[in-house]
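Participant: In the numbering used here, the protein residues as written are 844 to 1026. Could you have a look at this structure, given as structure tokens, before my questions?
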């Protein structure tokens, strides 16, 4: 597995070594020992989540606060998404900046999103099966979200806004400015 650094510091792309032959392909999608060695720190995942969505579905930008913050290792099992991480760490030089990458079943890339980030994705293919590991359990009282269309963040989701399918909860999220003022 190869690590590709992003400008958001600890937010990292992981590219697996894929072994292909006439039968198909094989790759190791996760090995805790190798993963922690590559990161240079220990991350222990405790929860796996999976979602199925159709083209235009946007989920995000979600995060958990305080002791219930979550690091995530995300990938796509089927289809293609635009995956986005927003740095919410107030002491970070990249505070308020975002990184986006296309994750797909074809490219097999994974994105490691450390604690202190908001995360979301938009489905670019007809359907997508999205899978992620979390290093902390879901805690409803600690969840938060930032409006996916916040003009201050200026995220281009790769889909015409009129074609986005967004939950009522995500449409009612607060702005990045409201998050910043709550710190």
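Cβ atoms here follow ideal geometry from the backbone N, Cα and C, with glycine treated the same way. Note that the structure is predicted; figures quoted are calculated from it, not measured.
To the nearest whole angstrom, what separates the beta carbons of residue 972 and residue 919, a pair I think is in contact under 8 Å?
Facilitator: Rounded, the Cβ-Cβ distance is 7 Å, consistent with contact.
Participant: In whole angstroms, give me the CA-to-CA distance for residue 939 and residue 853.
Facilitator: Distance between the alpha carbons of residue 939 and residue 853 is about 15 Å.
Participant: Is the beta carbon of residue 952 less than 8 Å from the beta carbon of residue 858?
Facilitator: Their beta carbons are under 8 Å apart, which means residue 952 touches residue 858 by this criterion.
Participant: Going along the chain, which residues of its own chain have a beta-carbon closer than 7 Å to the beta-carbon of residue 964, five neighbours each way excluded?
Facilitator: Closer than 7 Å at Cβ, skipping near neighbours: 902, 903, 924, 925, 926, 927 and 973.
Participant: Going by beta carbon distance, what residues of the same chain come within less than 8 Å of residue 844, once the five residues before and after it are set aside?
Facilitator: Cβ neighbours of residue 844 beyond the five flanking positions: 857, 858, 859, 860, 871, 874, 877, 878 and 881.
Participant: Ends of the beta strand (DSSP E) at residue 858?
Facilitator: Where residue 858 is concerned, the enclosing beta strand (DSSP E) stretches over 852 to 858.
Participant: Can you give me the start and stop residues for the beta strand (DSSP E) that residue 1021 sits inside?
Facilitator: Element bounds for residue 1021: not the beta strand (DSSP E) but the alpha helix (DSSP H), 1019 to 1025.
Participant: Under a three-way DSSP split, which group does residue 879 fall into?
Facilitator: Looking at residue 879 - three-state DSSP - the assignment turns out to be helix.
Participant: Have a look at residue 787 and residue 855 and give me their C-alpha separation to the nearest angstrom.
Facilitator: No answer is possible for residue 787: the residues shown for the chain start at 844 and end at 1026.
Participant: In the DSSP assignment, find the unbroken beta strand (DSSP E) run with residue 915 in it and report its ends.
Facilitator: Counting along the chain, the beta strand (DSSP E) containing residue 915 begins and ends at 915 to 921.
Participant: Taking residue 979 as the reference, which of 943, 907 and 866 has the closest Cα?
Facilitator: It is 907 whose Cα lies nearest to the Cα of residue 979.
Participant: The beta strand (DSSP E) that contains residue 863, what's its start and end?
Facilitator: Element bounds for residue 863: 862 to 864.
Participant: How many Å lie between residue 954 and residue 916 at the Cα?
Facilitator: Those two C-alpha atoms are separated by around 6 Å.
Participant: Between the C-alpha atoms of residue 1016 and residue 866, what's the straight-line distance to the nearest angstrom?
Facilitator: Taking the straight line joining both Cα atoms gives about 46 Å.
Participant: For residue 976, count the other beta carbons within 10 Å of its own beta carbon; 16 or more makes it buried, fewer makes it exposed. Which is it?
Facilitator: Per the 10 Å Cβ criterion, buried.
Participant: What is the DSSP secondary structure of residue 976, counted as helix, strand or coil?
Facilitator: Of the three classes helix, strand and coil, the one that applies to residue 976 here is strand, per DSSP.
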